[in-house]
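Accompanying notes for the structure given below.
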Amino acid sequence: MPTHSTSSPQDLSALVHKKERLYHAVMLAFSAVVYGSLALMVVNVPATGGVVLGYGVLFALLFFMMHGLMLGNVRGNGVRVTATQFPTLHATVARHAEALGLKKAPDVFLLQAGGLLNAFATRFLGRDFVVLYSDVLAMAEKEGQAVVGWIIAHELAHVRRGHLRRRWMIMPGRLIPYLGAAYSRACEYTCDRFAAHCQPDGAVDGLLALAAGPELYRRVDAREFAEQVQTEGGFWVRRAELLASHPTLPKRVAAVIAAGANVPAYSPVHADAPAWLTSA
Numbered sequence: 012m013p014t015h016s017t018s019s020p021q022d023l024s025a026l027v028h029k030k031e032r033l034y035h036a037v038m039l040a041f042s043a044v045v046y047g048s049l050a051l052m053v054v055n056v057p058a059t060g061g062v063v064l065g066y067g068v069l070f071a072l073l074f075f076m077m078h079g080l081m082l083g084n085v086r087g088n089g090v091r092v093t094a095t096q097f098p099t100l101h102a103t104v105a106r107h108a109e110a111l112g113l114k115k116a117p118d119v120f121l122l123q124a125g126g127l128l129n130a131f132a133t134r135f136l137g138r139d140f141v142v143l144y145s146d147v148l149a150m151a152e153k154e155g156q157a158v159v160g161w162i163i164a165h166e167l168a169h170v171r172r173g174h175l176r177r178r179w180m181i182m183p184g185r186l187i188p189y190l191g192a193a194y195s196r197a198c199e200y201t202c203d204r205f206a207a208h209c210q211p212d213g214a215v216d217g218l219l220a221l222a223a224g225p226e227l228y229r230r231v232d233a234r235e236f237a238e239q240v241q242t243e244g245g246f247w248v249r250r251a252e253l254l255a256s257h258p259t260l261p262k263r264v265a266a267v268i269a270a271g272a273n274v275p276a277y278s279p280v281h282a283d284a285p286a287w288l289t290s291a
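Be aware that the sequence shown starts at 12, since it is given in my numbering, and climbs by one per residue.
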């Protein structure tokens, strides 16, 4: 299988997790009712409506300021990835952005985070950003670029799907117990699939590295790890997952394999992953 792929919008739409659209529609409908009710309250009961609206505006301003300060720290201290600063990574970003149909690639910053293997996408004042923790790139320097390529494609997929752009539209929907977390997990499955489509040789390794770390992930049997859900389930595990924004890592490994990700030679895995492993 090739190390990367180009796609049409039709190809990508088939990769969207089936529950993402459902959960988004429910949250959007609920949010529309909340926003509409607030508007009617402001018009018909100005005193009460004004207080509620005031608290809402205050919360929004507080969130805006905290988000701006966080991003200011990233831009002030991180290394911006350019054609001359980490050119290989810059080329990877450009290639995957094009494959995902993005008109403009987000600004990418490299940030030291004390050994954490992670990355995230965010949006502020109409601009999209991807922040990559430096240990991910350090791992790529030793193990190859496939893992970092998959991680970058995953974050770009959040931009492509509009997960950052429309979060305010569905914010009230997160008041519904468990629904907000379920929607986030479905979005993660979608982005894992998009990324596996762009970089099929980095998906399993990337997830195993998140589970076992950059030094030990090659010693993990991916098939056994995926089947771990059966032995390490139970009430508390399921309760924890219901509240989590991300699916458990064994489920994500099974899902990307089912979506066509390459299986590392050191960790033979069958592609016929059970359906229960890929439920949101």
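We put the CB at the ideal spot given by N, CA and C, even for glycine.
Using the C-alpha atoms, what's the distance from residue j back to residue i?
i, j, result
"D203", "I163", "11 Å"
"P98", "A58", "57 Å"
"A284", "A266", "Note that A284 scores a pLDDT of 48, beneath 50, so its modelled location is shaky and nothing firm can be said."
"V92", "L175", "21 Å"
"L122", "V85", "7 Å"
"A102", "A94", "7 Å"
"T17", "V158", "Residue placement at T17 cannot be trusted, given a pLDDT of 48 that sits under 50; what the coordinates show is reported in the next sentence. In a straight line, the C-alpha of T17 is about 18 Å away from that of V158."
"Y189", "L253", "6 Å"
"E238", "G245", "14 Å"
"A132", "H35", "19 Å"
"A40", "V215", "36 Å"
"T242", "F236", "10 Å"
"A130", "D22", "25 Å"
"A50", "V63", "10 Å"
Where do the N-terminal and C-terminal ends of the alpha helix (DSSP H) with residue i fall, by residue?
i, result
"V44", "29–55"
"V141", "No alpha helix (DSSP H) contains V141, which is instead part of the beta strand (DSSP E) from 138–144."
"E226", "Premise fails: E226 is in no alpha helix (DSSP H) and is neither H nor E."
"V159", "157–172"
"D203", "190–209"
"L23", "20–24"
For residue i, count neighbouring C-beta atoms within 10 Å of its own C-beta (all shown protein chains included) and say buried if the count is 16 or more, exposed if not.
i, result
"S24", "exposed"
"G87", "exposed"
"P261", "buried"
"T6", "Because the chain in this structure spans residues 12 to 291, residue 6 falls outside the shown range and cannot be described."
"W179", "exposed"
"A71", "exposed"
"G79", "exposed"
"M38", "buried"
"R32", "exposed"
"N55", "exposed"
Between which two residues does the beta strand (DSSP E) containing residue i stretch?
i, result
"R134", "130–135"
So residue i and residue j are in contact, right, with Cβ under 8 Å, and what is the actual spacing, rounded?
i, j, result
"S42", "M150", "That belief does not hold up - the Cβ atoms of S42 and M150 are roughly 39 Å apart, past 8 Å."
"L136", "L221", "Actually they are not in contact, since the Cβ atoms of L136 and L221 sit about 30 Å apart, beyond 8 Å."
"S256", "R196", "7 Å"
Looking at residue i and the ligand HEM, is the gap between the Cβ and the nearest heavy atom below 7 Å?
i, result
"F236", "Here there are no bound small molecules, and the ligand HEM is not part of this structure."
Legend entry - alpha helix (DSSP H) runs contained entirely in the stretch 62–122, provided each spans 4 or more residues: Scanning the stretch 62–122 from its first residue to its last, the whole alpha helix (DSSP H) runs of 4-plus residues come out as 98–110.
Inset, instruction - Only counting runs of 4 or more residues, tell me where the alpha helix (DSSP H) segments fall wholly within the stretch 241–283, in order along the chain. - result: With a minimum length of 4 residues, the continuous alpha helix (DSSP H) runs that stay inside the stretch 241–283 are 246–254, 260–269.
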